[in-house]
Every structure is written in C-alpha cells, then in structure tokens.
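In what follows, a structure is listed as structure tokens, so that the remarks can point back to it.
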Amino acid sequence: MSEASLEKALGFTKPFFLGIGGSGMSSLAHILSDAGLSVTGYDGKKSPVTEALEKKGVRIFSSLAEIPDEDYDAAIYSSAIRLDSHPIASHFKKKGIRFYHRSEVLHSCFRHLTCIAVAGSHGKTTTTAMTAHILNDLGYSPSLMVGGDVAFLGGIGGRFSTGKFGVFESDESDGTFLNHKSEFRILTNIDEDHLDFYKTREKLLAAFAEFISSTPEQIVLDLDNVGIQDCLVQIQDHTRILGFVQVQEKDWDTMQIAKDRKYSDLAKLVYYKIENKHLVFRMDGEEFTLTSRFPGKHYLTNSLAAVLAAFSVGVPIASAARSVSDYAGVKRRLEYIGTKNGVQIYDDYGHHPTEVKAVLSSVKELSQGSGKAVILFQPHRFTRTQNLYKDFAESLDLGETVLLLPIYSAGEDPISGVSSELIANEMKKKPKLLSGNLRSDLYLLNEILSPGDVFVSLGAGNVREWGLGFLNS
1119 MSEASLEKAL GFTKPFFLGI GGSGMSSLAH ILSDAGLSVT GYDGKKSPVT EALEKKGVRI
1179 FSSLAEIPDE DYDAAIYSSA IRLDSHPIAS HFKKKGIRFY HRSEVLHSCF RHLTCIAVAG
1239 SHGKTTTTAM TAHILNDLGY SPSLMVGGDV AFLGGIGGRF STGKFGVFES DESDGTFLNH
1299 KSEFRILTNI DEDHLDFYKT REKLLAAFAE FISSTPEQIV LDLDNVGIQD CLVQIQDHTR
1359 ILGFVQVQEK DWDTMQIAKD RKYSDLAKLV YYKIENKHLV FRMDGEEFTL TSRFPGKHYL
1419 TNSLAAVLAA FSVGVPIASA ARSVSDYAGV KRRLEYIGTK NGVQIYDDYG HHPTEVKAVL
1479 SSVKELSQGS GKAVILFQPH RFTRTQNLYK DFAESLDLGE TVLLLPIYSA GEDPISGVSS
1539 ELIANEMKKK PKLLSGNLRS DLYLLNEILS PGDVFVSLGA GNVREWGLGF LNS
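Take any residue in the sequence shown, count from 1 to its spot, add 1118: that is its number in the numbering used here.
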C-alpha cells in the first residue's frame, strides 16, 4: 500500500498520540511516521523511546501548555489513558477532534497485508518478534508492531514496510484483540490475567475461544497449555489448528498414538522433544532442530510457534528453523544490561506468576552455580496483586534470594490492605522488602551482591532503574 492509500484508509494525516512513550503506542507511532504521516504526541517523561521517535522527526510535548494549537485530525489513545479525566483528552474533545483507540488504527494499517497476529497471556512480544525476524531475515520485509524494542529494527518496535506480510502483537488485556482480522494467528498460552477486565476465568476463556474459532486461515497452538485445552472444549471446528505437543524422549519413536486420535481433526499436529537445550520437532516425516541463545524452555517453544506460523504463510520450514536460531531478542525479555564487580545484570518485563516462574527457571541456567541468583521483583498493579498474591508467592519461592519493591500502580488507585507485604507474608522463603527509594535501595544492593552473582530486575513498572542504578553506581 502506498503512503497516500494508507492515509485514505486511516482517514487522517496529522495524528496526535496521548502517551506516545508507551510500548505499543510508540511502535504504532513509528509505523505512522514511516508511512509519511505528520506525527505528534504527548508523554510526561523523556526516555530513550521518545528520543528515538524525535530522531525521526516526531514532535513530543510534556504538558498541555507546550502543545501548539494546530489542525490535528486524530487523537490516538490506549486503554491506559482515562479519557474522562486526562487534561489533553478534555482539550481535544472541546476542539471536536475524533478519538481512535490504538487497536483501531493498527487494524487500519495492516488490513491490506497478509497478517499474522500473536496473542497469549505470556510470550506474545517475543513470539511476535521471532516471527517477524524470520520473515525479515528471509527477505520478506514485513511490517511489524510489537510491544517491545526489537534488535533487528535497531531498538524500536514498529515499522511500515514494503512487503506483503504484517506481523503484530494482539493485546487481550482490554478485549480489543478480537477486533483484528488477521488471516493467520498464534496463541502462545492462556493464563489467569487481566481479570480486572474479564472478571471471571470463564469470560477470559470465552474471549480466547472466539479468537481461535474466528481465525480465517490457520492458528498455531501449544496444545500442552491447560488454558488452551480448556478453550478447545468450547470449539467444534479444529480444522484450522496447527498444534504442537511435547513428547518425552522415551516415547519419541512410538509418538504416542493415543494423542493422534485425540487430535485427529487438526489441520496438522507437530511433535517435539527437548534435549541438551535444543528443541527437535518432527514434521511430515522429517526432523528439524531449533536452538536459542536465551535459556529456558519457553524461548524454544516460542521459537517453534514462530517457525510454524512462518510455514503457514509459505516459508520453507527448514529455512524458518535455521533463521529463528539467530534471533537476537527484545528489550526487557531477560535482557543483559551489563556487568559490575563480577555481577551479571539482567532485566525482564515479567509481571505475572507464570512469567516469574519462567524467568526464575532461566536464571538458574544463567548462574550455573557460580554465585547466587538475586531477583528484585516489583509487583505491577494493585488489582493483579490482590488477585494473584498467593501465586506470586509460590513462583517467587523458586528463587534463591528475593527482594521486593512496593507495588507499581500503573495508574490504578491504591486498594486498602494490598501491598507487596501480601506476597512476602505468603512466601516460605521470606524476601527482603525494599523501600522504593532508589538511592537507599542501591546501598542495600551493594551490600547483598557479590562477584559471580546474577541480578535480575523483574516487573512491568520502572524496576529496570534499579538494575541500571546498580550498574552505574
């Protein structure tokens, strides 16, 4: 699609982003800027994300008073923006400017492409980036929207390109993922998250069941995930599903024929096993091997999902398998940020108990007995902590040394009685509660950390600042 055609599809040429520094919002802003639109935005905080946009010519302001009175023809927002109380939103409403949710704009940008949408409670950012990496590496030049900073894009998360494919992360947190009309899809897993929006697990499963059943062409599913298994019970037509299941080494040759009968109506069923930190999968009588430079089973299964999705749109399976093994990562997904005094420092976005558990499993491989693994966890949102504090405690108990920061509100109002102490009191291994004051906490970190240790800042808030602060102290 040409720039002029995209402008026609969008219906605007001069958009203004509310909260342009957010992960998904910044990626979308890059896409519109690449397409030649005059992009402007607001964000209350300068960051490397906003600086990258400004280098492209995007103008960003930090207050209503700074915003010039111009003829903006669209106000783009995410579900994190409270339109009824945000001062800039109120200002634009008075001027009669039309508001667009970011999911609506994303759909308009990608609807002319053959699209792969990636959804799931965990791993969707990594899997989206892996899928786009394969297509990009093999010369397909996909357009991309991901909620993270992608290495092959030079540290940004969005691109409007010339190829026929689009790959985007489909966010279930507010239900808008059901509005996307992608022909091909990946669903990484389903876990109990965003119950502040869905209220019950049943409604959450119903939304994901609709995502699966409304797939026009093919959807890739991890059939070992309990949430996905529960969804499939609600779906009669399985003929567009390309599923994968793990087989233990002892059963690799027999292939567990009972599983064939259970999933006999799938479009295709792929078996895999993991041995020596490699994933081996069998497809159409051939075996293929995937490797990852990142530790943990979840990186290997995400790689497999990306490979199978690429295969679904016509990429040779062997080429996709070779390509994904060179995947270089996404910012804040067990990202190595430096070493100080013999301490390796990593940062990860994980903010759900299942994600925490996966990170702790990976950290064990990183430390390899050279020192202790120290996890600094920052709970994200009062509602999530209230609903899942017992699960957080169970996951964090897998850690060796655990430190807890106060809850990062993410714009929520505090809930009486809900704090990081709820998690601490439930844990068997009693963690150390930090103050949330960076300067005093860094003093304690320097006391705790020793040469050979691995230190991970973990959470969806600003916990990364503690990792960077230790590195630079």
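Cβ coordinates follow ideal geometry from the N, Cα and C atoms, glycine included.
If you're wondering where the values come from, they're calculated on a predicted model, not measured in any experiment.
The distance from the Cβ of Val-1536 to that of Phe-1588 is about 28 Å, inconsistent with a contact at the 8 Å cut-off.
The beta carbon of Phe-1326 sits closer than 6 Å to the beta carbons of Ile-1308, Cys-1349 from its chain, once the five residues preceding and following it are set aside; these are given in chain order.
Here the stretch 1224-1243 makes no contact with the stretch 1403-1413; the two share fewer than three CB pairs at distances below 8 Å. Annotation: the continuous beta strand (DSSP E) that includes Lys-1386 extends over 1386-1393.
Within the same chain, and ignoring the five residues on either side of Ser-1181 in sequence, no residue has its Cβ closer than 7 Å to its Cβ. Looking at the backbone, the Cα of Ile-1533 and that of Ile-1149 are separated by about 37 Å.
Contact between Phe-1315 and Ser-1291 holds: their C-beta atoms lie close to 6 Å from each other, under 8 Å.
Between Thr-1419 and the set Leu-1408, Asp-1402, Ala-1235, the nearest pair of CA atoms involves Leu-1408. Listed in chain order, the non-local C-beta contacts of Lys-1386 below 6 Å within the same chain comprise Leu-1360, local neighbours out to five positions each way being set aside.
With respect to the C-alpha of Pro-1471, the residue from Lys-1458, Asn-1505, Tyr-1445 having the closest C-alpha is Asn-1505. Check the Cα spacing between Phe-1217 and each of Gly-1129, Pro-1434, Asp-1187: the tightest is with Gly-1129. In this structure, Lys-1490 lies away from Glu-1544, with their beta-carbon atoms at least 7 Å apart. Tyr-1467 sits in coil when the DSSP states are folded into three classes, being neither helix nor strand. Gly-1238 and Ser-1332 have their C-alpha atoms spaced approximately 15 Å apart.
Of Leu-1552, Asp-1465, His-1498, the smallest CA-CA separation from Leu-1523 is found for Leu-1552. Note on Gly-1214: under 16 other CB atoms within 10 angstroms of its CB, so exposed under the neighbour-count rule. Between Glu-1287 and Pro-1334, the C-beta spacing is not below 7 Å. Assignment of Arg-1303 by DSSP, reduced to helix, strand and coil, places it in the strand class. Where Val-1425 is concerned, the enclosing alpha helix (DSSP H) starts and stops at 1415-1430.
In terms of CA proximity to Met-1263, Ser-1144 leads the group Gly-1139, Ser-1144, Asp-1571. As the crow flies, the alpha-carbon of Asp-1342 is around 17 Å from that of Ala-1427. When rounded, the separation of the alpha-carbon atoms in Leu-1586 and Ile-1455 is 8 Å. His-1396 is bridged by DSSP to Glu-1393. Judged by their CB atoms, Val-1425 and Ala-1446 are not nearer to each other than the 7 Å cut-off.
Take Val-1433, set aside five residues on each side of it, and the residues of its chain with a beta-carbon closer than 8 Å to its own are Ile-1252, Leu-1253, Leu-1256, Tyr-1258, in chain order.
In the displayed model, His-1225 falls within a helix according to three-state DSSP. If you look at Asp-1255, you'll find it in the alpha helix (DSSP H) that goes 1242-1255. Classified as buried, Glu-1473 has 16 or more neighbouring CB atoms from the shown chains inside 10 Å of its CB.
For Phe-1510, the enclosing alpha helix (DSSP H) stretches over residues 1500-1514.
In the structure shown, Arg-1177 falls within a strand segment according to DSSP collapsed to helix, strand and coil. For Gly-1361, DSSP records a beta bridge to Leu-1339, Leu-1387. In the DSSP annotation of this structure, Gly-1284 is not part of any alpha helix (DSSP H); the continuous beta strand (DSSP E) holding it starts and ends at 1283-1287. In this structure, Asp-1267 places its C-beta atom within 7 Å of the C-beta atom of Gly-1275. Here Thr-1519 carries a strand assignment [DSSP, helix/strand/coil]. The beta-carbon distance between Pro-1569 and Gly-1403, rounded to whole angstroms, is 51 Å. This is too long to meet the 8 Å contact definition. Counting along the chain, Ile-1493 sits inside no alpha helix (DSSP H); it lies in the beta strand (DSSP E) bounded by residues 1491-1495.
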